[in-house]
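This report concerns only the one structure given below.
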Amino acid sequence: MLTCLSVLSAPTVTLMAWVMLACTANAQDDPSVRIVGAETRLDGEVYSLNADLEYALGSEPLEALANGVPIVFELQIEVREPRRLLPDATLASLRQRYRFKFLSLTQRYLVTNLNTNERNSFRSREEALEFLGHIRDLPILDRALLDPREAYLVRMRVILDIESLPAPLRLLAYLSSQWRISSEWAEWSL
Amino acid sequence: MVAVKRSGLSGLLGVLLLFALLLGSLMIMSDATQNSARFGRLYSALLLFNAIGLLILTAISGYQLYRLIAQYRARTAGARLTLRLVALFVVLSVVPVSVVYYFSVQFLQRGIDSWFDVRIEAALDDALDLSRASLDLRMRETLRQTQRMASQMENVSPGLATLSLTELRETFGADKLMLMEGAGRIVATASEDASIVPDRPDEAILEQVRQGKTHVALYPGRQSGLQIRVVVPISEGSTMLTEQRVLQALFPVSDRFNTLAESVEAAYDSYRQLAFLRGPLKTSFLITLSLVLAASLLTALWTAVESARRLVAPVRDLAEGTLAVSKGRYDQRLPVPSNDELGFLVMSFNQMTRNLSYARDQATRSQRLLERQRAYLETVLSSLSSGVLTMRHDGRLRTANTAAGQILGVVRDELLDRSPDDVAATRPYLEPFCELIETHLRLGRSEWAEQATLFGINGRQVLMCRGSSLTDDRGLTGHVVVFDDITTLVQAQRNAAWGEVARRMAHEIKNPLTPIQLAAERIRHKYVGHVGEDQGQVLDRATHTIIQQVKALKEMVDAFNEYAHSPNLKLTPVDLNALVSEVMFLYRDNPGSIDVVVDADPNVPMVNADSVRMRQLLHNLVKNATEAMEGRADSELRVRTRYLEHEGNPCVEIAIEDNGPGFPSDSVTDVFEPYVTTKAKGTGLGLAIVKKIVEEHGGLIRAEAARTGGARVVIQLPYGETHRTEDAAAALEPPRATLVGD
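Residue numbers (this note's numbering), protein chains in the order written: chain B, 6 to 195; chain P, 66 to 807.
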């Protein structure tokens, strides 16, 4: 399947990836993060990622957020090389972390990209979550690092980083499904 | 033992190290619970480590406890005491620790609750409000400034807009100014840093401004600090501009304001966070406290078990050692645990077992020596040809040597632990022997000697018995009886004696007889014609008497010689009934008018006997009887044969009975001795020869009074597998030469 995909043209594959992800992303009310769609594009010499995510937080994380507890989401992106007989080799791995916090003075929601320290504030939580779910032009890999003859896979998921929560909350978070938020791995060919 | 100690020590060190690690990590965890910068990130790892550490500690302690309980159930020595000590230690540690735990939990709850105070909360709220109020002032000011800028920007053409904006920015101290058309298109910007990406207001703000309203808001800057964003519409003063324009100004907040506001916000957030996390915080502290409690208790339990085990080890060793000693194992040497009282006890125990072991070895050596001596004595006794019996003081047989069994014809064990009476009851032929012993035991003589005659399976046996009492300092302890089978010896002695008598008689009496006879015949021949008729008659009578008497003397000496020099027995199977009938037939037709009645038992088997001697025996008996009945008109001789069991031994019996005057009552026992006779005629050897023949055949003979008043002689000849063979009979011949020499 994967080798078949590699011979198809890039736009077709991208389209197929969006469709497939849209199918697997079934609507559910439980607290979750879903990857609605994701694609990689070659932008000059750099592969960059576009992805759309949908965050649905449960009451406990929302209450914690309202009380000033920052929540960290981690975007995990891996570029892998499929191998016969052996497990896939991970060529590159990127961790993109976002801190989501409510500011009591300005009554705004602040999203900080922990990799770049860039801050964006929003009047409402929904706006902030929409911002978090709208990833555009995230550079992930230089084309020079890849062998053009080989086929590569990209996979991605989003998790709520429990270890970044205040210590007293961690044990509870590990035990509660409201906190153990993680999307499925979404995989497509580069 | 050293290895055990070393492993115990390493175990102790291991558990103490684990406990120390747990305690350390619990301290760090307690620090981490408060979200400290140092250990905050390690909290989960620490929690996991502590949980695993506790599991290990639980497993170790649980295993120890399980082993202890298993030992208790198996009733292993010392387990009960160990368990009791462990229970004591555990109670001693659990009670105070539980009390401390209870109060700690109470203090924890109250302590955390006491962090939160309505006044502090209100103060923080006020501080936030104050910050907002002071920022509001700044925001109003920036709004006014922006509105002034907007009024100055009225009617400014797009070409000059950038220049005007730069001027205004510098004048009013804004970070960034942006002139936009109502639809959102940027007309001109003025910024301190040209590289900064345009920071456009969002559509909602633009919509608000398009409706003629102003927008002023405080928000976090892209990199740090706070910014004030003011967006105002620009009035439609000029006709050449068809679309309404919007001015956005971004003002910085002073550093001092920023710092203070951040500080207030941080404190406020921290307080709210803490209030929100109150429950989880308590839980976390409680978990940490419980882990500390569990670690302490488990370590205490382990230590309790280990200490109790160490404490009890010498006691257990002692118990096991004592048990071993009670089972006779004296080689137990216990390790001396320490120099305290227990150590002294163990040393004493070791000394005791050493002494016991030495004593036991000594005893074993003595016993072995005794056994060797006993075996030696036994060998000596068994090699003796004499029978030796020892008896307890109550007469029961204690030991008997092999020869005793052989002589008495019984298995030796049959005699042991039984009284002579008991033995006689099962072996009737031993009765004379047993009675003899009983009699002497009863009489209580210290030493005695007597003969006993038995008639057993081996025929007649003469036993020479000598008894002696065994005494020691405590008095009478038993008796010993030594006896010999002197049957052949007696026979030989008697034969030798009679042989000597016969030789003397032949020499001393028979030799002179011939000259006497010759002399008498000569006197008669020479002088009977030369004396007168009267004298001649006297001489004739006298010489005749001499010659007759000498002849009689010669006959007597010959008969005696015959008695003394009996030829060797020639044993052949003999039909006794036939022999008796044959001999009696000779006398039946005798003119002596004697009625001979033969009563033969058809069951009488063939016996091994010398037929010639037996014939002589019968002749002698018949002759004796006929002589006794001489002169009686109704003389009757009854001969009867029987096959019977004599005291358990098969034998053949011949009884000859007459109706003569019988034996004189005082000589019944002596009738078989030579020259004991009541008759005027006869050599006095008839019955003696009979007895001799019977004894040569190993039989018994007795004389008794018949019911008719006459004499009755009963002969019993042994029958069975143990008949005397020819060789045995030959052995009966006395070693004459030797005895003569004596």
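For glycine and all other residues, C-beta sits at the position ideal for the given N, C-alpha and C.
Simplified DSSP assignment, three categories, for residue i
i	result
residue 579 of chain P	helix
residue 811 of chain P	Because chain P is modelled from 66 through 807, residue 811 of chain P falls outside the range shown and cannot be assessed.
residue 284 of chain P	strand
residue 647 of chain P	helix
residue 218 of chain P	helix
residue 31 of chain B	Note on residue 31 of chain B: pLDDT 42, under 50, position unreliable in the model; the coordinate value appears next. Of the three classes helix, strand and coil, the one that applies to residue 31 of chain B here is coil, per DSSP.
residue 95 of chain B	strand
residue 689 of chain P	helix
residue 127 of chain B	strand
residue 279 of chain P	coil
residue 786 of chain P	Low per-residue confidence applies at residue 786 of chain P: pLDDT is 44, beneath 50, and the placement is therefore not dependable, though the value from the model is reported in the following sentence. Three-state result, residue 786 of chain P: coil.
residue 707 of chain P	strand
residue 3 of chain B	Outside the displayed range of chain B (6 to 195) lies residue 3 of chain B, so it cannot be described from this structure.
residue 147 of chain B	strand
residue 426 of chain P	helix
residue 52 of chain B	strand
residue 714 of chain P	strand
residue 509 of chain P	coil
residue 659 of chain P	coil
residue 139 of chain P	coil
residue 488 of chain P	helix
residue 273 of chain P	helix
Candidates the options, of which the one nearest residue i by Cα
i	options	result
residue 326 of chain P	P:203, P:597, P:650, P:395	P:203
residue 115 of chain P	P:97, P:91, P:501, P:132	P:91
residue 280 of chain P	P:383, P:205, P:591	P:205
residue 679 of chain P	P:426, P:168, P:637	P:637
residue 349 of chain P	B:194, B:177, B:185, B:189	B:177
residue 457 of chain P	P:431, P:526, P:534	P:534
residue 199 of chain P	B:54, B:111, B:81	B:111
residue 169 of chain B	P:623, P:320, P:109	P:109
residue 749 of chain P	P:763, P:318, P:686	P:686
residue 412 of chain P	P:424, P:423, P:398, P:425	P:398
residue 455 of chain P	P:482, P:234, P:445	P:482
residue 691 of chain P	P:660, P:665, P:672, P:671	P:660
residue 512 of chain P	P:544, P:492, P:539, P:500	P:544
residue 81 of chain P	P:298, P:366, P:406, P:566	P:366
residue 615 of chain P	P:581, P:727, P:596, P:665	P:581
residue 64 of chain B	B:193, B:192, B:186	B:186
For residue i, the residue or residues it bridges with in DSSP
i	result
residue 38 of chain B	B:60
residue 668 of chain P	In DSSP, residue 668 of chain P forms no bridge with anything.
residue 132 of chain B	In the DSSP output, where bridge partners are listed per residue, residue 132 of chain B has none listed.
residue 139 of chain B	B:57
residue 165 of chain B	B:78
residue 159 of chain B	B:84, B:193
residue 114 of chain B	B:107, B:127
residue 101 of chain B	B:80
residue 474 of chain P	In the DSSP output, where bridge partners are listed per residue, residue 474 of chain P has none listed.
Interface partners of residue i on chain C, CB under 8 Å
i	result
residue 45 of chain B	Protein chains B and P are contained in the structure displayed, whereas chain C is not.
Under 9 Å by beta carbon: chain B residues contacting residue i
i	result
residue 106 of chain P	168, 169, 172
residue 196 of chain P	110
residue 193 of chain P	109, 110
Closer than 9 Å at the beta carbon, the chain P residues around residue i
i	result
residue 72 of chain B	334, 337, 338, 340, 341, 342
residue 108 of chain B	284, 285, 330, 334
8 Å Cβ cut-off: residues of chain B touching residue i
i	result
residue 288 of chain P	122, 123, 124
residue 820 of chain P	Residue 820 of chain P lies beyond the range of chain P shown here (66 to 807); nothing can be said about it.
residue 349 of chain P	172, 173, 176
Contacts of residue i in chain P (Cβ-Cβ under 7 Å)
i	result
residue 175 of chain B	108, 109
Within chain P, the residues that residue i reaches when beta carbons sit closer than 8 Å
i	result
residue 69 of chain B	341
Partners in chain B for residue i, counting only beta-carbon separations shorter than 7 Å
i	result
residue 345 of chain P	173, 174, 177
(message) In chain order, what are the residue ranges of uninterrupted beta strand (DSSP E) at least 3 long that sit wholly in the segment 101-127 of chain P?
(response) Fully enclosed beta strand (DSSP E) runs of 3 or longer: not present.
(request) Could you pull out every unbroken alpha helix (DSSP H) segment of at least 4 residues lying fully inside the segment 191-259 of chain P, listed in chain order? (result) 223-237
(request) Could you pull out every unbroken alpha helix (DSSP H) segment of at least 4 residues lying fully inside the segment 528-610 of chain P, listed in chain order? (result) 552-569, 576-592
(request) Could you name each continuous beta strand (DSSP E) segment of 3 residues or more that falls completely within the segment 62-91 of chain B, going from the start of the chain to the end? (result) 76-86
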